[in-house]
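Structure record follows, encoded as structure tokens.
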Amino acid sequence: MIEEILATRKARLALSLWNLVEIGAATDKSQRERRLAFLEKFNPRWTVERVNVQRQEVESFLWKDVYGIEPREPLVFTPHLSVVDLYHAGADTRLGLTARQWIAGVDFNRLEQLKNLAPNALNILQAVGSRTFKRRQQEIFIPWIKNLIPRTGPDGMAITAARRDELLDHCAKRQDSFFGSCKSLRVEDALTTARVANPDRVPQRSDGIDLMQSVMALAYCDLFLVRDRFVRNCSELATKALSPLKLAAIYW
């Protein structure tokens, strides 16, 4: 079914580095090969990793709201995996990078250890409770957004630490317009609220990857194909909470 739709070119496959992590981490080598062959067949668009898109969103908000400068549209999709790699590798970016080459360079043992961070964080948030979580949103906002504040200004000059604090305070005091401008951050906020709403659910090690993929898919894609029931439920709750904001249509 999916292959037939892609073959008509009425839809274009969009994948993230986290899709490649899941493909590369598979112990079934034949399954990994089938998945790689599938994505290579349809020449997907690559999604810039969520934090890097969010930095662009915050910059766009500040450029327009503080400096009165018309911002650039955030770069979210690219036909070149090298462009996505640029945000992480900098001067060591590999030109012409392929999915197979990217997977070959990943330390999956280290990633397996980092997966434990997701259930630990969710356990803490679930224990807080949804009402308390909502009441403490202001406290959460500052550490969440702090590392997304740009380090250089519109003139290309470095921004001082004091000035960055001022810009962060500007965002915190104008959260309605901030979230109205920063679409993926607004989606992440709604998804996080949905994910901690059930205190009885046992968090999974895959929850971190699921969140990172869901944020970008809902915010910037037209269609979001989901196979995980919890991801679907949270995405539907977030979509309902953010209505009438246009988000990806969810297909189960």
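In this note's numbering, the protein residues as written are 1 to 252. For every residue, glycine included, the Cβ atom is placed at its ideal position computed from N, Cα and C. Values in this document were obtained by computation on a predicted structure and should not be read as measured data.
- Residue range Ala99 to Ala104 is occupied by the alpha helix (DSSP H) that includes Ile103.
- Per DSSP, Trp46 is one residue of the beta strand (DSSP E) stretching across Arg45 to Thr47.
- Using a Cβ distance threshold of 7 angstroms, Trp18 and Gln213 count as a contacting pair.
- In the structure shown, Phe42 falls within a coil segment according to DSSP collapsed to helix, strand and coil.
- Sequence-distant Cβ neighbours of Ile5 in its own chain, meaning closer than 8 angstroms and more than five residues away, are Ala11.
- For the pair Asp210 and Val231, the Cα-to-Cα distance works out to about 7 angstroms.
- Inter-residue distance for Arg110 and Gly90 is about 21 angstroms (C-alpha atoms, whole angstroms).
- Annotated three-state conformation of Tyr87 is helix, per DSSP.
- Distance check between Gly156 and each of Arg35, Trp63, Ser30 and Glu3 places Trp63 closest, using alpha-carbon atoms only.
- Rounded to the nearest angstrom, the gap between the Cα atoms of Val83 and Val48 is 8 angstroms.
- Counted as a single uninterrupted DSSP element, the beta strand (DSSP E) harbouring Ile250 occupies residues Ala249 to Tyr251.
- Going by beta carbons, Arg50 and Val215 fall inside the 7 angstroms limit.
- With contacts defined as CB atoms closer than 7 angstroms, Val53 and Ser235 fail to qualify as a contacting pair.
- The continuous stretches of beta strand (DSSP E) do not include Leu62, which lies in the alpha helix (DSSP H) extending over residues Arg50 to Asp65.
- Pro143 and Ser60 have their alpha carbons spaced roughly 19 angstroms apart.
- Residue environment for Phe179: buried (at least 16 other C-beta atoms within 10 angstroms of its C-beta).
- Here DSSP, grouped into helix, strand and coil, assigns Ala158 to strand.
- Contact annotation, Tyr67 with Pro154: C-beta distance approximately 5 angstroms; criterion of less than 8 angstroms satisfied.
- A straight line joining the alpha-carbon of Ile159 with that of Arg34 spans about 48 angstroms.
- Ala238 is not a Cβ neighbour of Ala162, given a cutoff of 7 angstroms.
- For Ala194, the three-state secondary structure derived from DSSP is helix.
- Two segments are said to touch when three or more pairs of C-beta atoms, one from each, lie closer than 8 angstroms; by this definition the region 97-110 touches the region 17-32.
- Residue Gln138 holds the alpha-carbon nearest to the alpha-carbon of Cys171 among Gln138, Thr8 and Pro244.
- If you compare the alpha carbons of Leu81, Leu117 and Leu13 with that of Leu97, the shortest gap goes to Leu81.
- For Leu242, the enclosing alpha helix (DSSP H) starts and ends at Arg229 to Leu242.
- For Leu225, the enclosing beta strand (DSSP E) starts and ends at Leu223 to Leu225.
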